[in-house]
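One point on numbering: in UniProt numbering, the residue at position 221 of the sequence shown is 221, and numbering is uninterrupted. Glycine included, each C-beta is placed from N, C-alpha and C at the ideal position. Heads up: the structure comes next, in structure tokens.
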Amino acid sequence: MPARGGRWAGFWEQRARQLQRQVQAKEERIVELETENAILHLKLAEYQEMTGKSSHAATRFCLLCDEQEGLQRGTRSSLAQLCRVIQKVKQDRKELRSSSLDLLRDCQGQQQDCGSEIVTAVQGAQRHHEAVLAWQSKAGCLEQSLRETTERYQLEKQKRKQLHNRLVETVLVRWDRPGHPWINKTYNFERVYGPAESQRVVFEEVCPLLTSLLDGLISENPSRSPKVAVSVVEVYNNDIFDLLAKDSCAVTSGVKREVLTTKAGKKEIPSLTYESVHSTEEFLTLVDGRLRLRAKHATLVHADSSRSHLIITVTLTTAPSWDSPANRQSDVSLLKEPDCPSPRQPATGRRHSAAHRTSSWSPGAAPEGPTGHMEQVHAKLQLVDLAGSECAGVSGVTGAALRETSFINRSLAALADVLGALSERRGHVPYRNSKLTHLLQDVLGGDAKLLVILCVSPCRKHAAETLQSLGFGTRARQVQRGPARAGRVAPRTPR
């Protein structure tokens, strides 16, 4: 604003000088006219002297007088016009001076306002800078506290795992058969449930192990937008069928799948169907609908006997986020059998559940962070319901059902062989002897938490099947498993 006022002041000063020069020129013209008028008076005097000499001169003199009068009238008119111009110039000059003073006062007021605003802004910036420094200090303290809390959490998690693996309960089997040796065997397990205990009690015992599936994911960081996908397959007559791709209630599925080994050494089923779920209700509805498609037949032992092994896989994937190296991988595997059978249902079935939590790198998907990369975490839970082994003479199956029984027993025997090889730490583990063990190779031999729940009958007439199931569980419990990719085997006792 001061610069603008200066330009206007210079303009009006220049205009005043121009008007002064014009007034000076008019005044010089008046002096010239007055000089000419004096000269004319002198000539008039000369003509008057000459009047008496000649009439011709008198006439000429009269003409000169008339001319002089005309000139005088023109001079008076010019003088009057010049006076009016001078008055107007003086008035303009007065108005210019007044407006210049107003403009100067306005500029000075605005300059003072701007100075006050600048001072206020500088003071505010200083306060903000001090606040930022305070928040940075507080953030540093919080980061240190977070690191300490994370270390304590990891330590407590290790302690929980160690305490969990120390729990042991026993099952005592006494069997006296005529003509056979007396059987008095004790089997050690981490938990034994009686016939009167409900499914809720069993679930409450299993729940902490399932909770470890989500350690570091949803409960600790809900902002990572987890997505849940479900696949359902059955192993029927040593073939794998995709039940989510099934569109009819036929005994066998219309879409057969194969197990392949990836470059990373993992087992996967190409083109397997996955469906996203967003709530517990959606999951239960999906699973319930696919359970109806499972191959089943009535036998003398069970009116709705499962003729295949069912594998339900729940995969949880979180959005990319920064993570610490200590929390990048953790696996869980579970083995579980059906509910306790009635006296008409021998306890030879086994239900297997597996869960993993792994992480996959996303190179190039995001800029490097504190750990060098951003990662996407995957958690996998597998619930496997194994078909029960059968004695054809007891179940009364024939024809196609007898062939199903043969495949069921062979696959369960292959699973027992795998568990035996793992417990004895043999150099070769026969995973490929069955599609079931081949599919579950990552669970059985990988770094995953494994839980086996055996359902046995306390009835004397089912003692043979009970001993068979308890022996299977004992072999599974002897398996020492650990992270294969780390080049070591860490003891991890399954249930």
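- Membership of T315 in the beta strand (DSSP E) is indicated by the continuous run H309 to T317.
- Less than 8 Å separates the beta-carbon of K267 from that of H438.
- Bridge partners of Y236 according to DSSP: D239.
- Under DSSP, L260 shares a beta bridge with E268.
- Note: N433 is not bridge-paired with any residue in the DSSP secondary-structure output.
- Contact between the segment 112 to 125 and the segment 26 to 38 is absent, with fewer than three C-beta pairs closer than 8 Å.
- Between V429 and G446, the C-beta gap is not smaller than 8 Å, which leaves the two residues out of contact.
- Excluding residues up to 5 positions away in sequence, L79 lie with their Cβ nearer than 7 Å to the Cβ of I30 in the same chain.
- L310 is not a Cβ neighbour of P226, given a cutoff of 8 Å.
- The DSSP-derived three-state label of V479 is coil.
- Between the C-alpha atoms of G70 and F61 there is a straight-line separation of about 14 Å.
- Secondary structure at R147: helix, using DSSP grouped into helix, strand and coil.
- Between V235 and S411, the CB-CB gap stays under 8 Å.
- The DSSP assignment places no complete beta strand (DSSP E) segment of no fewer than 3 residues inside the segment 50 to 89.
- Taken atom to atom, the span from the alpha-carbon of R294 to that of I183 is near 38 Å.
- Within the same chain, L40 come within 6 Å of Q68 by CB-CB distance, once the 5 residues on both sides are set aside.
- Here DSSP, grouped into helix, strand and coil, assigns W182 to coil.
- Remark: three or more beta-carbon pairs, one from each stretch, lie closer than 8 Å, so the segment 267 to 286 and the segment 228 to 242 are flagged as touching.
- Ranked by Cα distance from L381, the options D442, Q72, Y153 and Q144 are led by D442.
- Of the other Cβ atoms in all chains shown, fewer than 16 fall within 10 Å of the Cβ of C207; this residue is therefore exposed.
- By the criterion of a C-beta distance shorter than 7 Å, T262 is surrounded in its chain by E268, once the five residues flanking it on both sides are discounted.
- The DSSP-derived three-state label of R127 is helix.
- Under the criterion of beta carbons closer than 8 Å, S434 and N237 do not qualify as touching, at roughly 11 Å.
- The distance from the Cβ of T299 to that of G396 is about 6 Å, consistent with a contact at the 8 Å cut-off.
- Residue pairing of E275 in beta bridges, as defined by DSSP: V230.
- Beta-bridge partners of K157 (DSSP): none assigned.
- Under the 10 Å beta carbon count, V479 is surrounded by 16 or more other beta carbons and is classified as buried.
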